[in-house]
Every structure is written in structure tokens, then in C-alpha cells.
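Numbering (our numbering), first residue to last: -16 to 100.
Beta carbons are placed, not taken as given, at the ideal position from N, Cα and C, and that holds for glycine.
What follows is a set of notes on a single structure, which appears directly below.
Dropping the structure here:
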């Protein structure tokens, strides 16, 4: 049975157990698992390398063994939209029925143009 691959959004600690190139471990947020052909037990990941504060400092593609990755936190689950989030924030038409939608010309505009013509 092969180890479970990380998912987009997962926070992983990448150490030497995942690949010999990581003598100095790094924290990463997974962007996606690439579907490139690799050796059995290895995979390519697109990740954001994170600093000590958790901010992304670099985007990298890394070649690792998923069995050696240390999962820190699972990806956050998407929230289900609420009714207010599902309805776009559109201003409701507040005119009484039968009133035309075209704006009426302001009186000042009418006065300015009355003498010209």
C-alpha cells in the first residue's frame, strides 16, 4: 500500500526522510501534486516554502517520497456558503412599480442648457 499523497492546502514538514536534498528541513504549503511520471514511491509537489511566521517566501517544485513527509495540519475544509454569501450583493431597485428606470435630468442641467440652442 502506497502512502497517502498530500492535498492542496496541506501543511507539510519536508525533511531528509522525504529526500536527501533537504538536509535543512523546510515547511511547505502544498499547492498541488503534479502528475509527472516518477519512480515508484516518489512524487513531484508544487509548494510554497514558508518562513518561521508561516508566510510564503518561495514557490518550489520538489521531488519527494510521500512516506517521508510529516503532515502538520490537514488542509482547511471549505466552508459551506451561507444564504447571504450565495446571493450577490446587488442593490435592490427601490422605485415603485411603473416608474421608468431612466434617470431624470436634474433641474440645474435643464436651466444651464435652456438658453442655448
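### Message
Quick test of the definition: if touching needs 3 or more C-beta pairs under 8 Å, does the region 1 to 16 touch the region 45 to 52?
### Response
Contact check between the region 1 to 16 and the region 45 to 52: three or more CB pairs, one atom from each, fall below 8 Å, which counts as touching.
### Query
Do residue 10 and residue -12 have their CB atoms nearer than 8 Å?
no
### Message
For residue 32, tell me which candidate among 19, 24, 14 has the shortest Cα-Cα distance.
### Response
Nearest C-alpha to residue 32: 14.
### Query
For residue 12, does the count of other Cβ atoms within 10 angstroms reach 16, so buried, or fall short, so exposed?
buried
#### Entry: Distance between residue 40 and residue -14 (C-alpha atoms, nearest Å)
28 Å
### Query
Considering residue 46, what are the terminal residues of the beta strand (DSSP E) in which it resides?
39 to 47
### Query
Rounded C-beta distance between residue 45 and residue 30? I'm assuming under 8 Å.
Indeed they touch by this definition, with Cβ atoms about 6 Å apart.
### Task
Look at the alpha carbon of residue 16 and the alpha carbon of residue 25, and state the distance between them as a whole number of angstroms.
A direct Cα-to-Cα measurement between residue 16 and residue 25 gives close to 11 Å.
### Message
Applying the 10 Å Cβ sphere with the 16-neighbour rule, what's the burial state of residue -3?
### Response
buried
### Query
To the nearest angstrom, how far is it from the Cα of residue 36 to the Cα of residue 23?
For residue 36 and residue 23, the gap between their C-alpha atoms comes out near 34 Å.
### Close beta carbons around residue -9, own chain, < 7 Å, minus the five adjacent residues each side
Non-local beta-carbon contacts of residue -9 in its own chain, meaning distances under 7 Å to residues more than five positions away in sequence, involve 13, 14, 15, 58 in chain order.
### Task
Go through its chain and collect everything with a Cβ distance to residue 43's Cβ below 6 Å, but skip five positions before and after it.
30, 32
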